[in-house]
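For the sequence shown, my numbering begins at 14 and goes up steadily by one. Report on the structure given below.
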Amino acid sequence: MKKQVKFSTWSTMLSASAIIVLLYVLKYTKDDMSYWCIAIELMLIVLVAVTLFYMPLSVMLDNDYVTVKRPICSKRIPLADITEVKLCPPTMAERPIFGSGGFMGYWGRFREKGLGKYFAYYGKASDCFLVTLRDGRKYMLGCDDAGEMVSAINSRLCVA
Numbered sequence: 014m015k016k017q018v019k020f021s022t023w024s025t026m027l028s029a030s031a032i033i034v035l036l037y038v039l040k041y042t043k044d045d046m047s048y049w050c051i052a053i054e055l056m057l058i059v060l061v062a063v064t065l066f067y068m069p070l071s072v073m074l075d076n077d078y079v080t081v082k083r084p085i086c087s088k089r090i091p092l093a094d095i096t097e098v099k100l101c102p103p104t105m106a107e108r109p110i111f112g113s114g115g116f117m118g119y120w121g122r123f124r125e126k127g128l129g130k131y132f133a134y135y136g137k138a139s140d141c142f143l144v145t146l147r148d149g150r151k152y153m154l155g156c157d158d159a160g161e162m163v164s165a166i167n168s169r170l171c172v173a
């Protein structure tokens with residue numbers, strides 16, 4: 014089973030605006046080789062590289078893993094390590110520790126009262142579910158029709 018990650022309107026607008034600013038900065042600083050221009054360009058390149066490493070594209074389920082597909086590499090969560098999966102949209106009280114609060118989706122480490130720390134990979138809050146592992150780590154994942162994905166994962170957990 015594979016479900017796409019859809020970005021919220023806020024995330025789409027923020028991402029488009031940031032890319033326009035990035036292109037503007039790169040275009041208008043290409044002839045200026047001052048240290049601050051080079052530093053800004055390097056920071057923007059690092060930002061895009063980190064984003065491509067973490068940005069969620071889809072969530073897949075097979076017989077052994079829940080996989081978050083990302084542009085550069087995928088995050089695989091073994092079904093054998095999962096203790097609980099439930100629908101659980103994040104609240105507005107979430108606090109980012111490291112990551113993105115909308116640029117190319119929501120990804121990174123967050124903290125939220127009641128949930129504690131978790132790693133997030135989602136496009137919009139209404140599509141989220143929480144995966145809890147045996148070692149206590151938590152992942153907030155999101156995809157189209159999250160309820161169907163949660164049911165499918167839970168049915169695989171019962172079989173395993």
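Ideal Cβ placement from N, Cα and C applies to all residues, glycine included.
With burial defined as no fewer than 16 other Cβ atoms inside 10 Å of the residue's Cβ, what is the status of residue i: buried or exposed?
i: PRO91; result: exposed
i: MET56; result: exposed
i: TYR52; result: Per the sequence shown, the amino acid found at residue 52 is Ala instead of Tyr. Exposed is the call here.
i: SER113; result: buried
i: CYS86; result: exposed
i: ILE110; result: exposed
Could you work out which residue in the options is closest to residue i when comparing CA atoms only?
i: LEU65; options: TRP120, LEU74 and ILE33; result: TRP120
i: PRO102; options: ASP77, ALA31, ILE32 and CYS141; result: CYS141
i: GLY127; options: ASP75, GLY136, GLU54 and ARG108; result: ARG108
i: LEU170; options: GLU125, MET73, ASP148 and ALA93; result: ALA93
i: LYS16; options: ARG83, THR145 and GLY115; result: ARG83
i: VAL18; options: VAL72, MET153 and MET162; result: VAL72
i: GLY129; options: ILE33, THR96, LEU143 and PHE116; result: LEU143
Shorter than 8 Å from the beta carbon of residue i to some beta carbon of chain B?
i: ALA52; result: In summary, chain B is missing from the structure at hand, where a single protein chain is found.
Please report the residue range of the beta strand (DSSP E) in which residue i lies.
i: VAL79; result: 78 to 82
i: MET153; result: 151 to 155
i: PRO73; result: Note that residue 73 is Met in the sequence shown, not Pro. Note, MET73: beta strand (DSSP E), 71 to 74.
i: VAL98; result: 95 to 100
i: CYS86; result: Looking at the DSSP string, CYS86 is not in any beta strand (DSSP E), and its letter there is neither H nor E.
i: GLY129; result: 129 to 135
i: VAL144; result: 141 to 146
i: LYS19; result: Element bounds for LYS19: n/a, residue is neither H nor E.
Between which two residues does the alpha helix (DSSP H) holding residue i run?
i: PHE66; result: 48 to 67
i: ALA31; result: 22 to 41
From residue i to residue j, what does the alpha carbon distance come to, in whole angstroms?
i: VAL79; j: LEU27; result: 28 Å
i: TYR48; j: TYR41; result: 15 Å
i: ASP75; j: LEU39; result: 42 Å
i: PHE123; j: SER168; result: 28 Å
i: ASP157; j: GLU54; result: 35 Å
i: GLY155; j: MET117; result: 13 Å
Could you tell me how far apart the beta carbons of residue i and residue j are, in whole angstroms, since I believe they sit closer than 8 Å?
i: GLY160; j: LEU100; result: 6 Å
i: PRO69; j: TYR134; result: 4 Å
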